[in-house]
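Asker: Counted the way the numbering used here counts, the sequence shown spans residues 38 to 172.
What follows is a structure written as structure tokens; I'll ask about it next.
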Amino acid sequence: MTIQDIGLFQALSAKMGYLSQRQSIIAQNVANADTPGYRPKDLVEVDFSSMLKAQTGGTKTVAVATTNEGHLPNANSRINVNAKKQKDTYEVAPSGNAVIMEEQLMNAGQNNMDYNLMINIYQKQVGMMRMALGR
């Protein structure tokens, strides 16, 4: 059994791969900021809201699962989940270029923070595995 056989590590690796590809796309957008007619691109993220609807039967609440009544103050409580929709706003230059540098820089910054978070989680999980193994 390798560390990649554990679901959490598979998910972290997949997310890090996605973020790495997204950084390349953002870099292409910035590089083409002055190219006439260029439209910015982005990767399509997994639609977790449709997965959530499939699991909950379309309800807006999710039951909290507990293994012991003492773990949570109210084992019968439900968590409200409302998905936010992002609106697409684009400015187009007279040359037809739709790259907004500020938006691309914000995307790059957010992408960098997300990637660093995945690295931190990965390192913490490896540390816990080592501790559990006594290494």
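All residues carry an ideal CB built from backbone N, CA and C; glycine is no exception.
With 16 other CB atoms within 10 Å as the buried threshold, where does P77 fall?
Answerer: P77 should be labelled buried.
Asker: Please report the Cβ distance between V136 and N69, rounded to the nearest whole angstrom; I am assuming they are in contact, meaning their Cβ atoms lie under 8 Å.
Answerer: Rounded, the Cβ-Cβ distance is 6 Å, consistent with contact.
Asker: Measure the CB-CB distance between A45 and M155 and report whether it falls below 8 Å.
Answerer: The question names Ala, yet the displayed sequence has Leu at residue 45. Not in contact: L45 and M155 (Cβ atoms no closer than 8 Å).
Asker: Looking only at its chain, what residues have a beta carbon closer than 8 Å to the beta carbon of Q58, apart from the 5 residues adjacent to it on each side?
Answerer: For Q58, where only same-chain residues beyond five positions count, the Cβ hits under 8 Å are L80.
Asker: Any beta carbon of chain C sitting closer than 8 Å to that of F46?
Answerer: Absent from the structure is chain C; it holds one protein chain and no more.
Asker: Go through its chain and collect everything with a Cβ distance to A145's Cβ below 6 Å, but skip five positions before and after it.
Answerer: Around A145: I63.
Asker: How should N153 be labelled, buried or exposed, when 16 other C-beta atoms within 10 angstroms of its C-beta is the threshold for buried?
Answerer: Answer is exposed; the Cβ neighbour count stays below 16.
Asker: Look at the alpha carbon of N157 and the alpha carbon of L49, and state the distance between them as a whole number of angstroms.
Answerer: Taking the straight line joining both Cα atoms gives about 10 Å.
Asker: I'd like the span of the alpha helix (DSSP H) that includes E132, first residue to last.
Answerer: The sequence given here has Ser at residue 132, not Glu. No alpha helix (DSSP H) contains S132, which DSSP labels as neither H nor E.
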